[in-house]
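Reviewing the structure listed below.
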Amino acid sequence: ELKVEQNPLFLSMQEGKNYTIYCNYSTTSDRLYWYRQDPGKSLESLFVLLSNGAVKQEGRLMASLDTKARLSTLHITAAVHDLSATYFCAVDPLGAGKLIFGQGTTLQVKP
Amino acid sequence: NAGVTQTPKFRILKIGQSMTLQCTQDMNHNYMYWYRQDPGMGLKLIYYSVGAGITDKGEVPNGYNVSRSTTEDFPLRLELAAPSQTSVYFCASSPRGGTAYEQYFGPGTRLTVT
Chain A
1 ELKVEQNPLF LSMQEGKNYT IYCNYSTTSD RLYWYRQDPG KSLESLFVLL
51 SNGAVKQEGR LMASLDTKAR LSTLHITAAV HDLSATYFCA VDPLGAGKLI
101 FGQGTTLQVK P
Chain B
112 NAGVTQTPKF RILKIGQSMT LQCTQDMNHN YMYWYRQDPG MGLKLIYYSV
162 GAGITDKGEV PNGYNVSRST TEDFPLRLEL AAPSQTSVYF CASSPRGGTA
212 YEQYFGPGTR LTVT
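The structure is reproduced here in structure tokens:
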């Protein structure tokens, strides 16, 4: 069974702190996607990771991909309240855009 | 560019009723997708299409039908609505099959079946 597991599912942190969200998946996939969802809103694309060792950074967020370990991380540096949202990772094992999503990690950043 | 648009935004259906969720994109994307998101969960793929006239099942297709007569439109049909279909439905599009490009999502349709 294709599984994508995120850890933790809920994260409450203080502004200014660093933390990492983990995304493990059970089958081979060379591509991994990170999305952000604000409450009651749609999904916004954050990162597309296309190969082993890929690292992408945007502002306080940095994503990496290790296809051998079937693991992606989303690292948050010096969190700010505006980063409060739910973050999803998704893999594309069949290569046809048939994404398999994780359960999501809800991040709450407290002032 | 409006991107991906969906109508309606909200709908309440009675058990056994039918409805069509509309999805339109103006980005000339070949690939389109329908997902459902249950409370507190990730998205699950219902159906997808790689171009006009071509559709295929995703992970959870039972109770739904789709058609793709044009590049722009990808409607999702619910026949005989059931409470288990209460969910938020997202349509998405991609310029290719998601192999190298991310999917762009619409605003969603919140459906309640009672």
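Residue numbers (our numbering), protein chains in the order written: chain A, 1 to 111; chain B, 112 to 225.
Beta carbons: idealized from backbone N, C-alpha and C, even for Gly.
As the structure is a computational prediction, the values presented were derived from the model and not from experiment.
Residue interval of the beta strand (DSSP E) (run including B:Thr220): Numbered from 1 along the second sequence, position 109 holds the residue referred to as residue 220 of chain B. Annotation for B:Thr220: the continuous beta strand (DSSP E) segment containing it runs Thr220 to Val224.
Rounded C-alpha distance that separates B:Leu154 from A:Glu5: Numbered from 1 along the second sequence, position 43 holds the residue referred to as residue 154 of chain B. Numbered from 1 along the first sequence, position 5 holds the residue referred to as residue 5 of chain A. Distance between the alpha carbons of B:Leu154 and A:Glu5 is about 13 Å.
B:Glu213, buried or exposed, once every other Cβ within 10 Å from all chains shown has been counted against 16: Taking the second sequence and counting its residues from 1, the one referred to as residue 213 of chain B is at position 102. Buried is the call here.
Cβ-based burial, A:Ala69 [other Cβ within 10 Å; buried from 16]: As a position in the first sequence, residue 69 of chain A is number 69, starting the count at 1. Of the residues assessed, A:Ala69 falls on the exposed side of the cut-off, its CB having fewer than 16 other CB atoms within 10 angstroms.
Buried or exposed by the 16-neighbour rule on C-beta atoms within 10 Å, applied to A:His81: For this step, residue 81 of chain A is matched to residue 81 along the first sequence. With a 10 Å radius around the Cβ and a threshold of 16 neighbouring Cβ atoms, A:His81 comes out exposed.
Positions along the segment 38-52 of chain A whose CB lies within less than 7 Å of some CB in chain B: Against chain B - using a Cβ distance shorter than 7 Å - the residues of the segment 38-52 of chain A are Ser42, Leu43, Ser45, Val48 and Leu50.
Backbone secondary structure at B:Leu187 - three-state DSSP: The sequence position of residue 187 of chain B within the second sequence is 76, counting from 1. The answer is strand: DSSP assigns B:Leu187 an E or B state.
DSSP bridge partner residues for A:Leu9 (one or two, in chain order): Counting from 1 along the first sequence, the entry for residue 9 of chain A is found at position 9. A:Leu9 is bridged by DSSP to nothing; it lacks a bridge partner.
A:Glu1 versus B:Leu189 - alpha carbon distance: Stepping through the first sequence from its first residue, residue 1 of chain A is reached at position 1. Stepping through the second sequence from its first residue, residue 189 of chain B is reached at position 78. Each residue's Cα considered, the two are about 27 Å apart.
Coarse secondary structure for B:Gln148, derived from DSSP in three states: Taking the first residue of the second sequence as position 1, residue 148 of chain B is located at position 37. Three-state result, B:Gln148: strand.
8 Å Cβ cutoff, A:Tyr33 in contact with chain B: Counting from 1 along the first sequence, the entry for residue 33 of chain A is found at position 33. Closer than 8 Å to some Cβ of chain B, the Cβ of A:Tyr33 qualifies, so yes.
Residues of the segment 90-109 of chain A with Cβ closer than 7 Å to any Cβ of chain B, in chain order: Residues passing the 7 Å Cβ filter: Asp92, Gly95, Ala96, Gly97, Lys98, Leu99, Phe101, Gly102, Gln103 and Gly104.
Residues bridged to A:Ala96 (per DSSP): The residue labelled residue 96 of chain A in the question sits at position 96 within the first sequence. Residue pairing from DSSP leaves A:Ala96 without any beta-bridge partner.
Short CB-CB distance (under 8 Å) between A:Phe88 and chain B: By one-based count along the first sequence, residue 88 of chain A stands at place 88. Chain B, which has a Cβ nearer than 8 Å to the Cβ of A:Phe88, makes this yes.
Cβ contact check for the segment 18-28 of chain A and the segment 72-90 of chain A: 3 or more pairs under 8 Å: Output reads yes: the segment 72-90 of chain A touches the segment 18-28 of chain A.
Whole runs of the beta strand (DSSP E) within the segment 19-63 of chain A, excluding any shorter than 3 residues: If only uninterrupted beta strand (DSSP E) runs of at least 3 residues are considered, those enclosed by the segment 19-63 of chain A are 19-25, 32-37, 43-49 and 55-58.
Same chain, Cβ closer than 6 Å to B:Arg179, five either side skipped, listed in chain order: The count along the second sequence starts at 1 and reaches residue 179 of chain B at position 68. Sequence-distant Cβ neighbours of B:Arg179 in its own chain, meaning closer than 6 Å and more than five residues away, are Ser160, Ala163, Thr166 and Phe185.
Beta-carbon gap between A:Gln103 and A:Ser12 smaller than 8 Å: Residue numbering aside, residue 103 of chain A sits at position 103 when the first sequence is read from its first letter. Residue numbering aside, residue 12 of chain A sits at position 12 when the first sequence is read from its first letter. Not in contact: A:Gln103 and A:Ser12 (Cβ atoms no closer than 8 Å).
Contact set between B:Tyr142 and chain A, taken where Cβ atoms lie within less than 9 Å: Start at 1 with the first residue of the second sequence, and residue 142 of chain B comes out as number 31. Result: Ala96 and Gly97.
Host beta strand (DSSP E) of B:Val199 (start-end): Translated into positions along the second sequence, residue 199 of chain B becomes position 88. Following the DSSP letters along the chain, one finds B:Val199 inside the beta strand (DSSP E) bounded by residues Ser198 to Ser205.
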